[in-house]
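Enquirer: The structure follows.
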Amino acid sequence: MDRNGACRRLAALAIVAASLAAPCRAHDDLTPEEVLDLTGRALASIARRAIPCVVHVWADNRPPSPDAEKEEGLTPEMQERMRQLWMHPDLRRLHGPFPFRRRREGTGLIVSEDGYIVSNHHVVGDADSIKVRLHDGREFDATVVGTDAKSEIAVIKITAEKLPVLPDGDSTELDVGEWVMAIGNPFGLSETVTVGVVSAKGRSGLAIAEYEDFIQTDAAINPGNSGGPLIDKQGKVIGICTAIVSGTGSYMGVGLAVPMSMARGVIDQLIQSGHVTRGFLGVYIQNVNHEMAEFFGLKAAGGIIIAEVLKGSAADRAGLNADDIVLELDGLAVRNTSAFRNAVAARQPGTPINLLVFREGQKRKVAVTAGEHPDQVAAEAPASGPDIDGLGLSVEALPKELSAEMDMDAGVIVTGVAEGSLSSAQGIEVGNVIASVNRKRVKDPQEFARLVEEASGRGKVLLLVKTGNSTRYVLITRSPVTAP
């Protein structure tokens, strides 16, 4: 790109607010210095409007019992280090809740003139008391209206009126590379402004929340930024800063924000009822990779495959089947399991959903009415592992007690997995139940062996594997067996 071309693009970005435009001169005539000046003034204008809408949040958590609070001799730094270590699940499992008083600092964004504030679940979710400081220096006690660990969104409330509010932006229209601004209180440094770009969209599978569709940005986000806004070049909120990806616990160039396309529905439900209701179909699903697509006769990878339909669920009532591959939801292509689950969850129970599915070589439309999400049901199967050359499995007949418990009238249970085998790398474990081979139900170990032998000629074996809380397909690629 030549210098004049770069200047033109910067000028287009710089003139965000109409008040900063220069109507009497063509943009091509701007000097680099003028472009830089306009850019700085545009960003400063956005910051001036946004900062009064951002608050500093302190959340205190009492220890589980008075006897457990033994802070003598521990500096705040030592307590914080212990708190970080306590985040390891094994420590919590062995020793219970963190035994010392905790203070979490974070950020909040005012979302209504009468005092509703959005923050993160991990900032205020288990707080015993919350303090909020506004831009004008006033401090308030806050109460928790509702929190949603599944999306990491929380809403708190202060008693105040005529507070400033920023408009929502359309996070679905963001492009990678667009400028964004983050405002928060990193390390207790109030009203810190950082600027960067949208680094990526639709980040998921990070185990930060159950429903993930994060905006990734290189605008600096650090501990204390959680709950603050991510703002677009028009001064509108397009995300709630939530997490960082870091090997040090501090900024390393990767920050994550919940997009407003997801957050707004959660915020509104928390304000209205204090909890979130999500749509639910009742299917175990997994991504369709290239080998799975080839096996089922699809021309290209994409969509999600249904591994199991829960009896009596919305999907069952609509006639969806195991082996159905969902290609579209309400006319939009299904990218992966996370996107599908997010889209279904965003629908309220009772909402009609139109699916395009691939079944037995044909595309067909299926209309489903969303049910209500039961928290105890996991709706996504783990992804299958890499290709393997052989099974390396031993199986036995499914015990009657387990058959009744799992509501299965057929199948075999895995009693051995060869150590170091590629079958083990697929994640198949002792105790797993195999319900079908190449989409044919397995009744007993003899039939299992026969079906696997039949599949050897094709070079691929598709197993339907069930565990206590999930069902998934495992596609095993083997060397084809040919006659000598």
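The numbering used here applies: residue 14 is where the sequence shown begins, and numbers increase by one.
A virtual CB, placed ideally from N, CA and C, is assigned to each residue, including glycine.
#1: Report back the beta-carbon spacing between Val137 and Ala72 to the nearest angstrom; my notes put them in contact at under 8 Å.
#2: From what residue to what residue does the alpha helix (DSSP H) around Asn355 run?
#3: What's the call for His303, buried or exposed, on a 16-neighbour Cβ count within 10 Å?
#4: Can you give the Cα-Cα distance for Ser326 and Thr255, rounded to whole angstroms?
#5: For Val279, which of helix, strand or coil comes out of DSSP?
#6: Sorted by chain position, which residues of the same chain lie with C-beta nearer than 8 Å to Gly363's C-beta, five sequence neighbours on each side aside?
#7: Give the secondary structure of Gly316 by DSSP, where H, G and I count as helix, E and B as strand, and everything else as coil.
#8: Which residues in the same chain have their Cβ closer than 6 Å to the Cβ of Thr44, if we skip the five residues on either side of it in sequence?
#9: Going by Cα to Cα distance, which pick from Lys175, Gly344, Ile244 is closest to Val210?
#10: Give me the Cβ distance between Val168 and Gly159, rounded to the nearest whole Å; I'm assuming they're in contact under 8 Å.
#11: When you compare only the Cα positions, how much space is there between Leu340 and Ile317?
#12: Comparing alpha-carbon positions, which option in Val208, Glu126, Arg377 lies nearest Gly53?
#13: Would you decide whether Glu174 is buried or exposed? Buried here means 16 or more other CB atoms lie within 10 Å of its CB.
#14: Please tell me whether Met194 and Leu56 are closer than 8 Å, where the distance is taken between their beta carbons.
#15: So, Ser458 versus Val425, is the Cβ gap smaller than 8 Å?
#16: Measuring alpha carbon to alpha carbon, tell me which of Lys312, Gln299, Ala417 ends up nearest Val478.
#17: DSSP three-state call for Val339: helix, strand or coil?
#18: Quick check: what's the CA-CA separation for Ala352 versus Lys214?
#19: Buried or exposed: which applies to Glu385, given that a residue is buried once 16 or more other Cβ atoms fall within 10 Å of its Cβ?
#20: Does the Cβ-Cβ distance between Thr484 and Glu373 come in under 8 Å?
#21: Once you ignore the five residues that flank Pro199 on each side, which residues in its own chain have a CB closer than 6 Å to its CB?
#22: From Glu186 to Pro272, what distance separates their C-alpha atoms?
#23: Answer yes or no: do Leu176 and Gly128 have a C-beta to C-beta separation smaller than 8 Å?
#24: Classify Glu466: buried if its beta carbon has 16 or more other beta carbons within 10 angstroms, exposed otherwise.
#25: Mapping DSSP to helix, strand and coil, what is Leu187?
#26: Which value, in whole angstroms, describes the spacing of the CA atoms of Thr261 and Asp231?
#27: Using the Cα positions of Lys378 and Gly278, report the straight-line distance between them to the nearest angstrom.
#28: Answer with buried or exposed for Asp343, where buried requires no fewer than 16 other C-beta atoms within 10 angstroms of its C-beta.
#29: Going by beta carbon distance, what residues of the same chain come within less than 7 Å of Ala335, once the five residues before and after it are set aside?
Expert: In short:
#1: In this structure Val137 is in contact with Ala72, their Cβ atoms being roughly 5 Å apart against a cut-off of 8 Å.
#2: Start and end: 350 to 358.
#3: Exposed is the call here.
#4: Straight-line Cα distance between these residues: approximately 33 Å.
#5: In this structure, Val279 counts as helix in the three-state DSSP scheme.
#6: Taken in chain order, the residues that qualify are Thr382, Ala383.
#7: Coil at Gly316, not helix or strand.
#8: Cβ contact annotation for Thr44 (same chain, cutoff 6 Å, sequence separation greater than five): none.
#9: Closest by alpha carbon: Ile244.
#10: Right, the Cβ-Cβ distance comes to about 6 Å (below 8 Å), so this counts as a contact.
#11: If you take the alpha carbons of Leu340 and Ile317, they lie about 7 Å apart.
#12: Between Gly53 and the set Val208, Glu126, Arg377, the nearest pair of CA atoms involves Val208.
#13: Around the beta-carbon of Glu174, fewer than 16 other beta-carbon atoms lie within 10 Å, marking it exposed.
#14: Cβ distance < 8 Å, so Met194 and Leu56 count as in contact.
#15: A small correction: the amino acid at residue 458 is Pro; Ser does not occupy that position in the sequence shown. Their beta carbons are under 8 Å apart, which means Pro458 touches Val425 by this criterion.
#16: For Val478, the nearest C-alpha among the options comes from Gln299.
#17: Secondary structure of Val339 (DSSP, three-state): strand.
#18: Cα-Cα distance, rounded: 12 Å.
#19: Glu385 is exposed by the Cβ-count criterion.
#20: Against a cut-off of 8 Å, the Cβ pair of Glu373 and Thr484 comes out as no contact.
#21: Result list for Pro199: Thr205, Asn235, Gly237, Asn238, in chain order.
#22: Cα atoms of Glu186 and Pro272: separation of roughly 11 Å, rounded to the nearest angstrom.
#23: The criterion of a C-beta distance shorter than 8 Å is satisfied by Leu176 and Gly128.
#24: If you draw a 10 Å sphere on the C-beta of Glu466, you find fewer than 16 other C-beta atoms in it, and that means exposed.
#25: Correct three-state label for Leu187: coil.
#26: For Thr261 and Asp231, the distance between alpha carbons rounds to 16 Å.
#27: The C-alpha of Gly278 is placed about 27 Å away from the C-alpha of Lys378.
#28: Exposed is the call here.
#29: Contacts found: Ile319, Ala320, Glu321, Val322.
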